[in-house]
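Using the numbering used here, read the sequence shown as starting at 713 and increasing by one per residue.
Report on the following structure.
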Amino acid sequence: MSLAKSDPYLRRYSLGERLNHWLVAISFVLLVLSGLPFFHPFFWSLTGLFGGPTMTRILHPWIGLFMVLMFAIMAVRFFKESLLRRHDIQWLKQIDDVLANRDEKLPPVGKNNAGQKLVYWIMLGCIVLLLATGVLIWQPLVGEAMPITLRRLASMGHAYLALLAIITLIIHIYSGIWVRGSFQAMVRGRVSKAWARHHHDLWYEEEMEKERRHREISRRHDHSGQEAP
């Protein structure tokens, strides 16, 4: 019980959540590398990473299906904490304070701030639509059975959606590096209580309340054990 009291860290992500996140991240990078050669000839040399153009074209949709599966699991895990609340709207209205690091002026923040929640919803929308457009142009399994006009529209939509997803990911990575301690949280799974209180004060208070309840239950259990004949 004394160790729990003195522990200066809070668990932010479980091992399963971290593995899930990194599998999504790695598969997304592989998708970008295998998809860019078919977006513009400038990137054609990237097909060498996957064994040539033919193999790249074969692997790309299967990597995509794997990422969709991993993202679906992650989306379910993080759905509740990604719902926008009233304080998130205020946080977005004060984006100038966010960018200027005027944290003392910002409204309370839960486990995820409004920026992280927007990344969640943008990526969710992109991936659902990327799956739909990707299936329509998947040759030879589906694409050849689709009208040429539909395939062209799907191909264009797929490219623009991929671009939006890439930009969103770049912003997500930059934010993780910019806010010191965020990247470490997804690697080690824990953050200091001081970091949590500073960046995610509502979540910090929730975790502290859980600790207080746990200590109270442990104290009562120990007390009842001592009184037992």
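From the three backbone atoms N, C-alpha and C, an ideal C-beta is built for every residue, glycine too.
query, result
"Taking residue 831 as part of the alpha helix (DSSP H), name the residues at either end of that continuous run.", "826-848"
"In angstroms, rounded to a whole number, what distance separates the CA positions of residue 828 and residue 782?", "18 Å"
"Tell me whether the stretch 885-899 and the stretch 769-789 touch, counting them as touching only if at least three CB pairs, one residue from each stretch, are closer than 8 Å.", "no"
"Work out the CA separation of residue 749 and residue 797 for me, nearest whole Å.", "41 Å"
"Select from 850, 838, 916 and 903 the residue whose C-alpha is nearest the C-alpha of residue 787.", "838"
"For the beta strand (DSSP E) that contains residue 721, what are its first and last residues?", "721-723"
"Alpha carbon to alpha carbon, what distance is there between residue 809 and residue 843?", "37 Å"
"Can you tell me which of the three DSSP states residue 892 falls into?", "coil"
"Kindly identify the DSSP beta-bridge partner or partners of residue 909.", "DSSP lists no partner for residue 909."
"Can you tell me which of the three DSSP states residue 930 falls into?", "helix"
"For a test of the three-state rule: what should DSSP assign to residue 797, helix, strand or coil?", "coil"
"Quick check: what's the CA-CA separation for residue 858 versus residue 728?", "39 Å"
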